[in-house]
DNA sequence: TGTTTATATGAATATCAATCATATCGAGCT
DNA sequence: AGCTCGATATGATTGATATTCATATAAACA
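Chains as they are written, first to last, in my numbering: chain A, 1 to 311; chain B, 312 to 622.
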């Protein structure tokens, strides 16, 4: 490869590697194998005749050359994205309506800021957030009461297209002085005899119960709370255990009056997807909403990873 | 091809086509066949779902989409070229980056002029001064946030190389009519009962305290000031004593409203060293920076001597 | 010192870009 | 109209190279 054959792909690669903090993590983000990333990075370094990243240090650092190229990436890639958005607007028009239904309570945390940055770019699109609990949110798409649903399910349905957002870890919450806090991770049996504090949704919508406790035959008592802070409050005052997404609890962990533990050795991971009508999937303002949410989430939320399950 | 697979190649193509005024001419410029240009343009248009050039007209014109993409090309390609030029310089070794962290406040006095003369010789090297107090400046080297540190310590660390700059004398400052001014040199006990005016750094970074007062069990009250002139001001108005490098006070001694005395019979001597990553030590522009600073200092600073302690 | 996790690498494969050969198109001409 | 010429388009093939797979190697952890 020649120095003049630098491509946007290489800039995207370098950006992903530095943002993800490693080749393997970057590979996931780019939907490539680790090998591809390694090869491509090496090809780039060979072409330039310069090292771009310090292999020895951890967390992996950039060389002067790497920093220069990253500066270019930061300058050029947003320009490209902006141009592509303009082209998309030329193609499909720049106005529309997005009525959004959200299945998970904690999603509002990141959805609101994502919507804000989306509004900056697509001022002509009317955003509406549907409130209240929905038994069958994807059904709302089919009978035209919503245009976009954020859900953890991906059951195939005629006329519905799914796009993956990200995977996240559910953490068990307890007080720092709780007997279970001594363990590095919790097992299903650990939940027996404790009250489980949850949002007011049916059991089959709670990953902890559906995927961990129910299979182990454990049915803890439940207590419901509407708001995230209320759940945290109840846990802190020792009324029981809870399980929330890692990103939602991160800000509270620092204070130290609450602690989080993995659920199972490798953690309990869940995923979020976007569902839209197939007819809408190709619309520029819809596709870009999904992109915006994804980009925003990866930049903002700690401890998330690309979704694994194919949509 | 997907819309996200836009590459610089496509921007270069569009630019060539518009500048050359046709596909055939553009092909020549790009050292491609006319067929390749046609294929690539079509692939690009298909990916975007938009026409980019008006085929019918002659001389061939751009569509709105084409103009938007050409705008992007005009913005992005020069940035890329500029980055590539910088990288080429980095490669040849006549360019680089020196992010400099300085441990001692007074060092700025001589560092600035030294940097000025260095810049004349190495215009391709980007000089950056890291601001703020650093708890572990040499650590900045290891995690890649600095490239060169000016420090008084030389604790050996893996991957770090030290080079001596010079030794200098710390002088105690007082008013000419101060009772202690009668002495030729001051002893630790002389500081008892006086306020010590210092830069805002921890005690163990102050040679006077660490090497003279603390061993003698003397803990004077401290008062902090940010700037050298502020310290002198406070001394002159009899708020306490201070200790500064000889070179830093020399210009003020002449005025006569402040006096300086040795600390101990033979004076309190300290040394300054440069720390760099071993990997960087051999680079010409790094080695020459150290040489320049040294030469400049010996030429400019009164009362300094070569460093004695082996690095 | 084993065990896990991250990165590197050679060979095989898959993907995509460039070429060759040829078709199509449009403008100017008689 | 029919013809010609220069430019662009297109299908099939070749060539290049990005990606993967299967490992090896290296670093971190306990």
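Ideal Cβ positions, reconstructed from N, Cα and C, are used throughout, including at glycine.
Among the options, the one whose alpha carbon lies nearest that of residue i
i	options	result
residue 616 of chain B	B/567, B/479 and B/534	B/479
residue 200 of chain A	A/47, A/103 and A/301	A/103
residue 376 of chain B	A/117, A/213, A/264 and A/82	A/82
residue 502 of chain B	B/515, B/482, B/513 and B/516	B/482
residue 9 of chain A	A/25, A/32 and A/22	A/32
residue 126 of chain A	A/97, A/276 and A/178	A/97
residue 224 of chain A	A/215, A/211 and A/206	A/206
residue 488 of chain B	B/456, B/589, B/552 and B/582	B/552
residue 590 of chain B	B/543, B/400 and B/453	B/453
residue 232 of chain A	A/119, A/196 and A/112	A/196
residue 129 of chain A	A/92, A/121 and A/140	A/140
residue 596 of chain B	B/316, B/389, B/426 and B/325	B/426
residue 363 of chain B	A/50, A/90, A/113 and A/17	A/90
residue 296 of chain A	A/215, A/187 and A/166	A/166
residue 581 of chain B	B/523, B/421 and B/348	B/523
residue 497 of chain B	B/318, B/448 and B/554	B/554
residue 292 of chain A	A/124, A/145, A/113 and A/71	A/113
residue 598 of chain B	B/373, B/348 and B/475	B/475
residue 420 of chain B	B/562, B/594 and B/572	B/562
Any chain B beta carbon closer than 8 Å to residue i
i	result
residue 126 of chain A	no
residue 274 of chain A	no
residue 94 of chain A	no
residue 49 of chain A	yes
residue 65 of chain A	yes
residue 294 of chain A	no
residue 54 of chain A	yes
residue 193 of chain A	no
residue 211 of chain A	no
residue 283 of chain A	no
residue 69 of chain A	yes
Residue-chain proximity (residue i, chain A), Cβ-Cβ < 8 Å
i	result
residue 351 of chain B	no
residue 622 of chain B	Note that residue 622 of chain B has pLDDT 36, beneath the 50 cutoff, so the model's placement of it is unreliable and the number below is only indicative. Output row for residue 622 of chain B: interface = no.
residue 611 of chain B	no
residue 553 of chain B	no
residue 549 of chain B	no
residue 574 of chain B	no
residue 317 of chain B	yes
residue 638 of chain B	Chain B is shown only over 312 to 622; residue 638 of chain B falls outside these bounds and no answer can be derived.
residue 614 of chain B	no
residue 450 of chain B	no
residue 357 of chain B	no
residue 408 of chain B	yes
residue 430 of chain B	no
residue 599 of chain B	no
residue 454 of chain B	yes
residue 516 of chain B	no
Cβ distance (whole Å) where residue i is taken to contact residue j below 8 Å
i	j	result
residue 276 of chain B	residue 519 of chain B	For residue 276 of chain B there is no data in the structure shown, the boundaries of chain B being 312 and 622.
residue 150 of chain A	residue 272 of chain A	6 Å
residue 218 of chain A	residue 148 of chain A	That belief does not hold up - the Cβ atoms of residue 218 of chain A and residue 148 of chain A are roughly 36 Å apart, past 8 Å.
residue 276 of chain A	residue 161 of chain A	6 Å
residue 485 of chain B	residue 406 of chain B	No, residue 485 of chain B and residue 406 of chain B are not in contact; Cβ-Cβ is about 48 Å, not under 8 Å.
residue 41 of chain A	residue 23 of chain A	7 Å
Could you give the uninterrupted runs of the alpha helix (DSSP H) lying entirely in the segment 396-457 of chain B, keeping only those of 4 residues or more? Here the runs fully enclosed are 419-432 and 448-453.
With a floor of 3 residues, list each beta strand (DSSP E) that falls wholly inside the segment 202-228 of chain A, ordered by position along the chain. With a minimum length of 3 residues, the continuous beta strand (DSSP E) runs that stay inside the segment 202-228 of chain A are 222-224.
Which whole runs of the alpha helix (DSSP H) in the segment 542-622 of chain B are 4 residues long or more, in chain order? Fully enclosed alpha helix (DSSP H) runs of no fewer than 4 residues occupy 557-564, 589-592 and 595-611 of the segment 542-622 of chain B, in order along the chain.
Along the segment 322-341 of chain B, where does the CB come closer than 8 Å to a CB of chain A? Name the residues. If the cut-off is 8 Å between Cβ atoms, the segment 322-341 of chain B has nothing near chain A.
To test your reading of the DSSP string, which unbroken beta strand (DSSP E) runs of 3 or more residues are found completely within the segment 459-493 of chain B? Along the segment 459-493 of chain B, the beta strand (DSSP E) occurs as fully enclosed runs of 3 or more residues at 459-462 and 471-485, listed in sequence order.
Give, in chain order, every residue of the segment 383-401 of chain B whose Cβ lies closer than 7 Å to some Cβ of chain A. Residues passing the 7 Å Cβ filter: 383, 386, 387, 390, 391, 394, 395, 397, 398 and 401.
Compile a chain-ordered list of the residues in the segment 156-181 of chain A whose CB is closer than 8 Å to at least one CB of chain B. Hits within the stretch: zero.
Mind listing, in chain order, the continuous alpha helix (DSSP H) runs of no fewer than 4 residues lying wholly within the segment 322-359 of chain B? For the segment 322-359 of chain B, whole alpha helix (DSSP H) runs of length 4 or above, ordered along the chain, are 334-340 and 345-359.
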